[in-house]
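Residue numbering for the sequence shown follows numbering that gives the first Met the number 0, beginning at 0 and increasing consecutively.
We treat Cβ as the ideally placed atom computed from N, Cα and C, and that holds for glycine.
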Amino acid sequence: MKGANRVVRKWHKRGVTHETEGEQFATYAKELERVAAHYSAALAREMLVPKYGRVVAFEGYELTNLNARIKATEKRIAQLEKAAEVEISEREVFEGCTIVENTEENRLQILFDGKPAPEVRAILKSHAFKWAPSQGAWQRQLTNAARFAGQQVERQLKALNA
């Protein structure tokens, strides 16, 4: 991106504009293509269109913190790949109630055979579990906080059914 800005500034100083035709523009487009192969002639022409009174291919705000965004995206991809490797685990709290760590859906799900009692629903709601009719389960996003909330719900449900 910085290389593209350098080429655009250089050729703009030489008098090449978005309206320029011929060999001079073709040379500019070829130099820009050497910076990145995906810069076509149409994109090269678009980069020469003045924006806010000046010619810049990429604004400063587009370049700011670009490496940090790239690293954050790579880190997130690694987290998702790691989560995909983990198998779906489930444990039975009591007969008719199962807690499932569904990594495919990225959800912690609590499944009941039927509709749970109002006090059980109150416990689930107090720990941020929501009813998902599409899944037929009480669930929340699978995070460490959700795992802890699942343990708390499990403990409370066992105490309620004891």
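By the DSSP assignment, the beta strand (DSSP E) with residue i in it spans what residues?
i: F128; result: Looking at the DSSP string, F128 is not in any beta strand (DSSP E), and its letter there is neither H nor E.
i: A25; result: From DSSP, A25 is part of no beta strand (DSSP E) but of the alpha helix (DSSP H) over E22 to V34.
i: R53; result: Note, R53: premise wrong, no beta strand (DSSP E); not H, not E.
Do you know whose CA, among the options, lies nearest residue i's CA?
i: Q151; options: A83, H126 and N66; result: H126
i: V15; options: R139, L47, R68 and A77; result: L47
i: Q134; options: K114, L62, V6 and Q108; result: Q108
i: M0; options: T26, R106 and F57; result: F57
i: A82; options: E103, K114, V6 and D112; result: E103
i: N143; options: N105, P132 and V55; result: N105
Using C-beta distances below 6 Å, list every residue in its chain close to residue i, excluding the 5 sequence neighbours before and after it, in chain order.
i: F128; result: W137 and R139
i: R44; result: H17
Give every residue of the same chain whose Cβ lies closer than 8 Å to the Cβ of residue i, excluding the five residues on either side of it in the sequence, and list them in chain order.
i: L156; result: V92, F93, C96, V119 and I122
i: V99; result: I87, S88, E89, L107, Q108, I109, L110 and A136
i: V55; result: N4, V7 and R8
Quick one: is residue i buried, meaning 16 or more other Cβ sit within 10 Å of its Cβ, or exposed?
i: Y60; result: exposed
i: V6; result: buried
i: F147; result: exposed
i: H11; result: buried
i: G21; result: exposed
i: Y27; result: buried
i: L141; result: buried
Taking residue i as part of the alpha helix (DSSP H), name the residues at either end of that continuous run.
i: R5; result: K1 to K12
Task: Length-filtered (3 minimum) beta strand (DSSP E) runs lying within the region 73 to 124 - done: 88 to 93, 96 to 101 and 106 to 111
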